[in-house]
Amino acid sequence: MTSLPLFSRAFRLRCPACGGGPVFTSWLHMVPACPVCALHFDREVRGYWLGSYTLNIFLTETVWVIAFLLAAVLTWPTPPWDAIEYGSVGLMILVPVLVFPWTKTLYLAIDLYFRPAEEEDFTAPHETPRPRSGSPTRI
Ligand SMILES: [Zn+2]
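When you read off a place in the sequence shown, starting at 1, and then add 314, the result is the number in this note's numbering.
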């Protein structure tokens with residue numbers, strides 16, 4: 315699969331695998347599986363979204379560096395350090411929330427590009443837990 319459809323769908327906040335949706339019920343809440351193709355978005359891997367959080371931090375830091383450089387260069391030789399400091403705090407709070415949905419879908423697209431979905435990624439979750447070994451059996 316080429317990367318263009320994956321990332322195009324991710325930028326539109328759709329399922330990167332099929333383009334279906336909606337994949338978000340609110341700005342900060344993603345459904346566990348695609349409503350169209352049933353892809354499990356966390357790929358059933360514990361800690362899967364750490365990559366998304368890393369991408370979020372990377373984007374936030376990139377926005378901050380660009381804003382800092384613009385503010386410093388445009389106001390040189392007397393940059394307003396207090397305004398830059400307060401603006402930096404505002405950016406560090408605002409940007410992670412603003413980019414949150416895109417970091418989730420983009421991270422999923424990156425993961426699907428390097429580790430394409432397999433059949434078990436689309437299976438329905440087990441609704442009844444399996445009996446534990448060693449549990450008493452009924453006669
Ligand atoms: Zn899908």
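Glycine is no exception: its CB is placed at the ideal position from the N, C-alpha and C atoms.
Where residue 347 falls: helix, strand or coil (DSSP): Position 33 of the sequence shown, counting from 1, holds the residue named residue 347. Strand, per DSSP.
Identity of the residues DSSP links to residue 338 by a beta bridge: Here residue 338 refers to the residue found at position 24 when the sequence shown is read from its first residue. Answer by DSSP bridge pairing, in chain order: 344.
Whole-number beta carbon distance between residue 412 and residue 330, since they are thought to touch under 8 Å: Numbered from 1 along the sequence shown, position 16 holds the residue referred to as residue 330. Numbered from 1 along the sequence shown, position 98 holds the residue referred to as residue 412. The beta-carbon distance between residue 330 and residue 412, rounded to whole angstroms, is 20 Å. This is too long to meet the 8 Å contact definition.
Beta-carbon gap between residue 416 and residue 320 smaller than 8 Å: Mapped onto the sequence shown, residue 416 falls at position 102. Mapped onto the sequence shown, residue 320 falls at position 6. Cβ atoms of residue 416 and residue 320: not closer than 8 Å.
Alpha carbon of residue 407 to alpha carbon of residue 375, nearest angstrom: In the sequence shown, the residue the question calls residue 407 occupies position 93. In the sequence shown, the residue the question calls residue 375 occupies position 61. Rounded to the nearest angstrom, the gap between the Cα atoms of residue 407 and residue 375 is 11 Å.
Rounded separation between residue 382 and residue 434 - CA only: Translated into the one-based positions of the sequence shown, residue 382 becomes position 68. Translated into the one-based positions of the sequence shown, residue 434 becomes position 120. Cα to Cα, residue 382 sits roughly 45 Å from residue 434.
Residues whose Cβ lies closer than 6 Å to any heavy atom of ligand 1, in chain order: 329, 331, 332, 334, 348, 350, 351 and 353
Neighbourhood of residue 324 by C-beta, 6 Å cutoff - its chain only, sequence neighbours within 5 removed: Here residue 324 refers to the residue found at position 10 of the sequence shown. Around residue 324: 330, 419, 420 and 423.
Residue environment, residue 426, which counts as buried when at least 16 other CB atoms sit within 10 Å: As a position in the sequence shown, residue 426 is number 112, starting the count at 1. Per the 10 Å Cβ criterion, buried.
Straight-line Cα distance separating residue 396 from residue 388: Counting from one through the sequence shown, the residue named residue 388 turns up at place 74. Counting from one through the sequence shown, the residue named residue 396 turns up at place 82. Distance from the CA atom of residue 388 to the CA atom of residue 396, rounded to whole angstroms, is 15 Å.
Among 373, 358 and 362, the one whose alpha carbon lies nearest that of residue 410: One-based indexing of the sequence shown puts residue 410 at position 96. Of 373, 358 and 362, the residue nearest in Cα terms is 373.
Enclosing alpha helix (DSSP H) for residue 421 [first to last residue]: Here residue 421 refers to the residue found at position 107 when the sequence shown is read from its first residue. Run containing residue 421: 395 to 428, per the alpha helix (DSSP H) assignment.
Assumed close pair residue 351, residue 436 - CB separation to whole angstroms, cut-off 8 Å: Taking the first residue of the sequence shown as position 1, residue 351 is located at position 37. Taking the first residue of the sequence shown as position 1, residue 436 is located at position 122. Yes, residue 351 and residue 436 are in contact; Cβ-Cβ is about 6 Å, under 8 Å.
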